[in-house]
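Protein sequences appear in the order of chains A and B. For the first sequence, this note's numbering gives the first residue as 2, with consecutive numbering after it. For the second sequence, this note's numbering gives the first residue as 2, with consecutive numbering after it.
Protein chains: 2
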Amino acid sequence: MQDLATAEQKRVLILGAGFAGLNVAKGLADAPVNLTLVDRKNHHTFQPLLYQVALAVLSPADIAQPIRAILRSPNTEVLMDEVIAVDKDTRRVTLKSGTVLRYDYLVIATGSTHSYFGRDDWAALAPGLKTIEDALEIRRRVLLAFELAENEMQETGQHPALNFVIIGGGPTGVELAGSISDIAKLYMKSDFKHINPSTAQVTILEGSPHVLSMYPEDLQKKALEQLAGLGVNVRTNAHVTDVKPGYVMVGDEKIDSVVTLWAAGVQASPLGKLLGVETDRRGCVVVDGYLHPAGHEEIFICGDLAHVEIDGKQVPGVAQPAMQMGTYTAESIKHLLRGEPIKKTFHYFDKGDMATIGRKAAVARVAWPFKADLSGFPAWIAWLIVHIFFLIGFRNRLSVFRSWAYTYLFFEEGARLITGSQQLPGWQTHEAAATATPDEVSTKP
Amino acid sequence: MQDLATAEQKRVLILGAGFAGLNVAKGLADAPVNLTLVDRKNHHTFQPLLYQVALAVLSPADIAQPIRAILRSPNTEVLMDEVIAVDKDTRRVTLKSGTVLRYDYLVIATGSTHSYFGRDDWAALAPGLKTIEDALEIRRRVLLAFELAENEMQETGQHPALNFVIIGGGPTGVELAGSISDIAKLYMKSDFKHINPSTAQVTILEGSPHVLSMYPEDLQKKALEQLAGLGVNVRTNAHVTDVKPGYVMVGDEKIDSVVTLWAAGVQASPLGKLLGVETDRRGCVVVDGYLHPAGHEEIFICGDLAHVEIDGKQVPGVAQPAMQMGTYTAESIKHLLRGEPIKKTFHYFDKGDMATIGRKAAVARVAWPFKADLSGFPAWIAWLIVHIFFLIGFRNRLSVFRSWAYTYLFFEEGARLITGSQQLPGWQTHEAAATATPDEVSTKP
């Protein structure tokens with residue numbers, strides 16, 4: 002019965018509320034459609050700043066917003082649910098709760114997730130960074146390592162070396178490495194009596210010959226210099242062969258690690274394969290210039306999940322192209338609604354790339370509005386401005402700005418909270434202590 | 002060897018970094034002592050605002066601060082650890098990590114925890130509110146209930162009634178009830194397409210004849226009126242006899258509940274009993290006028306853990322007396338260090354009590370600087386001012402002020418994030434949906 006009332010309106014179903022999905026929904030906010038967006042989370046996460054939640058500069062609510070609060074258009078409904086099946090023939094999507102949704106146009110923008118290269122047992126030992134939950138787990142482990150070291154030192158006068166190992170030397174790996182170095186050397190400087198946090202050693206293990214391989218060579222070099230300046234140890238051509246509690250193996254070499262983080266592999270959301278169309282090696286859906294998988298002009302694939310090639314070059318899986326694909330898809334659907342064909346294929350307008358390395362350290366390849374390769378302080382300032390600008394909501398911009406001011410000017414981190422378990426996998430406590438006799442009581446200096 | 006260097010300095014050991022413990026440490030920041038503070042958490046939690054983290058107004062970092070960042074005095078060290086034994090004879094405390102700490106003066110201020118009256122199986126079904134983790138769990142459950150109801154409604158056109166049951170009508174129970182009502186009626190008003198969040202029903206089950214029983218009768222009445230105004234259902238003399246997934250039993254009556262919260266029983270930290278001295282029925286340590294347990298003038302019990310009677314009246318387990326006991330104990334220890342006896346017994350300077358009920362609704366018994374019973378908007382304003390003032394750190398005050406401004410002026414809640422599991426114990430999903438045939442596909446209006 003309900004169907005009759007809206008029989009004339011086409012149903013647009015968007016899966017995923019990342020940059021791509023949100024931009025589709027925003028683009029169609031005033032369109033004469035019935036729009037449903039489904040996401041597993043109730044919030045959109047501003048992923049470029051997720052590492053700052055992990056390293057205690059920002060709070061989750063600074064970079065995440067309820068999807069319902071972003072998409073308030075009367076034609077839009079939001080469901081917090083998970084997709085378990087897509088039937089392209091009957092144009093129906095089944096959700097975990099049992100709900101079945103019909104669509105006329107389907108936009109799949111469910112992004113990517115970690116890939117442990119088939120070694121899913123590594124996941125618990127080396128968390129990656131994709132969700133708020135991931136960020137809080139990384140925060141917990143990194144901060145806890147210092148606390149446990151202080152306890153050990155207080156008791157025995159020694160502690161396991163504070164070696165942090167980051168697997169993967171892409172932007173996320175570099176950001177995590179720089180931030181841990183900042184915490185250890187700047188923000189915790191005077192917080193402990195027994196340990197010296199600045200003795201912490203951060204190592205990046207990168208399998209390829211270069212860190213930040215998507216950047217021009219001169220910026221890679223500048224990034225390496227800045228990492229060296231922070232004391233971060235970078236090892237390229239280092240293929241991790243095993244991850245264990247307390248250490249990592251690179252071939253026959255055992256590298257001790259109190260906290261191991263994963264920033265190496267990325268694979269497409271499983272929805273790509275579920276769809277039953279052509280996917281690439283990472284599970285991304287191969288699409289044509291209109292972002293359609295072969296044979297399905299009613300389906301659009303946007304963001305990280307899309308394998309798009311323009312002039313033989315693959316569009317990278319980062320925020321800018323995801324947003325642009327979202328906007329493009331919304332426009333395309335509007336054309337189709339008016340009965341017009343889609344005229345232009347998707348064009349990626351490359352404004353550049355940037356990655357922070359630490360406080361006052363960054364690299365930026367600026368492609369628009371002028372061309373320039375920046376590094377160091379200017380790149381860092383550019384990074385700050387761009388990221389504040391792209392945050393959703395005035396409230397979050399204000400909050401992040403205030404947090405950054407405190408952290409970068411006053412060396413005070415606002416979100417240094419350890420929540421959850423107080424265990425660290427593989428932490429080597431001094432066993433003897435538990436059986437110490439009263440005569441062996443340790444004392445503080 | 003390390004011992005020699007500081008042999009002249011007395012060792013003060015503080016257990017717990019709540020209001021009491023922190024105030025002892027602050028009071029001794031300049032004293033010629035060797036001070037160690039031990040807490041299980043790395044942060045101090047401003048408990049009076051914890052319910053605002055639970056109900057998504059504030060972020061954890063707004064009301065919690067790293068203990069190390071608060072206590073920066075050179076004579077003070079902080080350990081994140083747990084006490085497992087206290088030996089009063091040899092004056093030694095053993096921590097979970099194995100560390101053994103000697104003390105000359107011991108301050109125990111480990112507060113209180115939930116009491117499920119021996120029914121610990123209720124804990125998972127009805128979380129209480131003492132820690133940041135508790136607050137996030139309550140937030141998750143409350144927000145998730147609305148999302149699951151929306152899914153059910155979308156699919157089947159009906160959903161389980163959004164009944165929230167709060168067991169306990171003290172300040173925490175009243176605050177939780179009012180906040181859930183605010184979320185449902187004010188902050189989520191236009192967020193859902195299928196459900197009407199304002200149909201949510203909040204019920205307080207209080208075992209005694211009165212809510213807010215520590216307040217004067219006229220304020221209790223005013224509180225009841227304000228709760229009624231918010232649509233909160235208050236049932237007094239309602240003894241909960243069982244808590245089950247999806248419902249609560251009061252005698253033979255079954256009360257449906259999609260989310261049950263616990264604000265009823267409080268018991269002292271187990272350290273009271275571990276100490277092997279006289280405790281009261283709730284496990285609080287019975288102390289003399291100097292806050293000593295009988296026969297131990299080197300031990301001070303502060304805050305909720307202390308059973309202190311002044312003129313036959315027990316000092317309540319809230320923030321103000323805890324702070325005052327902390328300050329008093331620091332002064333007492335300074336006297337003892339100078340070889341002087343402690344002259345005055347502890348005196349509780351009662352400034353009053355206040356509890357919020359919702360946006361613009363509160364009760365306040367003001368005892369200082371003037372005597373007055375306030376309720377409604379004036380009480381709420383007084384509450385805002387007092388709580389901003391007592392927050393630790395300018396940064397947090399600013400952050401909370403901003404969040405309140407957004408929430409109370411613009412009806413926008415900043416921290417409405419669901420993290421963790423997407424299951425709710427006892428949630429009655431529409432089973433038929435899972436086996437629906439394509440013909441039975443549900444549609445949106």
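Cβ coordinates follow ideal geometry from the N, Cα and C atoms, glycine included.
Taking C-alpha atoms, which residue in the options lies nearest to residue i?
| i | options | result |
| --- | --- | --- |
| Y52 of chain B | B:S191, B:I358 and B:Y216 | B:I358 |
| D40 of chain B | B:L144, B:M81 and B:I302 | B:M81 |
| S180 of chain A | A:M154, A:L262 and A:F193 | A:L262 |
| L275 of chain B | B:L177, B:G208 and B:T95 | B:T95 |
| Q423 of chain B | A:N43, A:V319 and A:P33 | A:N43 |
| M324 of chain B | B:R103, B:A356, B:A136 and B:F350 | B:F350 |
| A373 of chain A | A:L163, A:S209 and A:Y216 | A:Y216 |
| A320 of chain A | A:T46, A:A30, A:L36 and A:E332 | A:T46 |
| P172 of chain A | A:K344, A:G318 and A:A368 | A:G318 |
| L149 of chain B | A:D121, A:M355, A:V249 and A:E83 | A:E83 |
| V278 of chain A | A:N234, A:N35, A:D105 and A:D90 | A:D90 |
| P75 of chain B | B:H308, B:N35 and B:N24 | B:N35 |
| G313 of chain B | B:V287, B:G174 and B:R398 | B:V287 |
| V387 of chain B | B:M250, B:A406, B:S400 and B:M355 | B:M355 |
What does residue i pair with, by DSSP beta-bridge criteria?
| i | result |
| --- | --- |
| A356 of chain A | A:V364 |
| Q202 of chain A | A:N164 |
| F301 of chain A | A:V108 |
| T280 of chain A | A:V286 |
| P1 of chain A | The first residue shown for chain A is 2 and the last is 446, placing residue 1 of chain A beyond what the model contains. |
| I256 of chain A | A:V249 |
| K314 of chain A | A:I311 |
| P294 of chain A | A:V288 |
| T88 of chain A | At residue 88 of chain A the sequence reads Asp, which differs from the Thr that was named. Paired residues: A:R93. |
| E78 of chain A | A:T37 |
| T114 of chain B | B:Q268 |
| K11 of chain B | B:V34 |
Residue i and residue j: beta carbons closer than 8 Å?
| i | j | result |
| --- | --- | --- |
| G284 of chain B | G266 of chain B | no |
| V79 of chain B | L16 of chain B | no |
| R339 of chain A | G353 of chain A | no |
| Q315 of chain B | S116 of chain B | no |
| P379 of chain A | P246 of chain A | no |
| V101 of chain A | F165 of chain A | no |
| T328 of chain A | G28 of chain A | yes |
| G170 of chain B | E207 of chain B | yes |
| G252 of chain A | T242 of chain A | yes |
| A178 of chain B | I167 of chain B | yes |
| I334 of chain A | V13 of chain A | yes |
| L38 of chain A | A18 of chain A | yes |
| L220 of chain A | V212 of chain A | no |
| S113 of chain B | L306 of chain B | yes |
| K223 of chain A | S404 of chain A | no |
| H33 of chain A | Q48 of chain A | In the sequence as displayed, the identity of residue 33 of chain A is Pro instead of His. No, these two residues do not count as a Cβ contact at 8 Å. |
| G129 of chain A | A264 of chain A | yes |
| H348 of chain A | I311 of chain A | yes |
| T132 of chain A | S270 of chain A | no |
| R103 of chain B | R120 of chain B | no |
| Q429 of chain B | P210 of chain B | no |
| Y188 of chain A | F390 of chain A | no |
Assuming residue i contacts residue j (C-beta within less than 8 Å), just tell me the rounded distance between them.
| i | j | result |
| --- | --- | --- |
| A26 of chain A | T77 of chain A | 6 Å |
| T280 of chain B | C303 of chain B | The pair is not a contact, with the Cβ atoms about 15 Å apart (cut-off 8 Å). |
| E127 of chain A | V244 of chain A | Checking the displayed sequence, the identity of residue 127 of chain A turns out to be Ala instead of Glu. That pair is a contact at about 5 Å. |
| M154 of chain B | I85 of chain B | In fact, because the Cβ distance is near 50 Å, the residues do not count as touching under 8 Å. |
| A136 of chain B | L163 of chain B | Contact doesn't hold; Cβ gap of about 20 Å is too wide. |
Which bits of chain C does residue i rub up against, with CB to CB less than 7 Å?
| i | result |
| --- | --- |
| S74 of chain B | Of the chains in the structure shown, none is chain C; the protein chains are A and B. |
Item checked: the segment 192-210 of chain A / the segment 296-304 of chain A touching (three or more Cβ pairs under 8 Å) -> no
Next item on the list: Please confirm if the segment 138-151 of chain A is in contact with the segment 44-63 of chain A, defined as three or more CB-CB distances below 8 Å between the two stretches.
Entry: yes
Notebook entry, point to check: Is the segment 228-237 of chain A in contact with the segment 356-372 of chain A, if contact means three or more CB pairs nearer than 8 Å?
Noted result: yes
Notebook entry, point to check: Do the segment 411-428 of chain B and the segment 57-66 of chain A meet, that is, are 3 or more Cβ pairs less than 8 Å apart?
Noted result: By the Cβ rule, the segment 411-428 of chain B counts as touching the segment 57-66 of chain A, because three or more pairs are nearer than 8 Å.
Margin query: Within 8 Å, do at least three Cβ pairs link the segment 66-75 of chain B to the segment 390-397 of chain B?
Written below: yes
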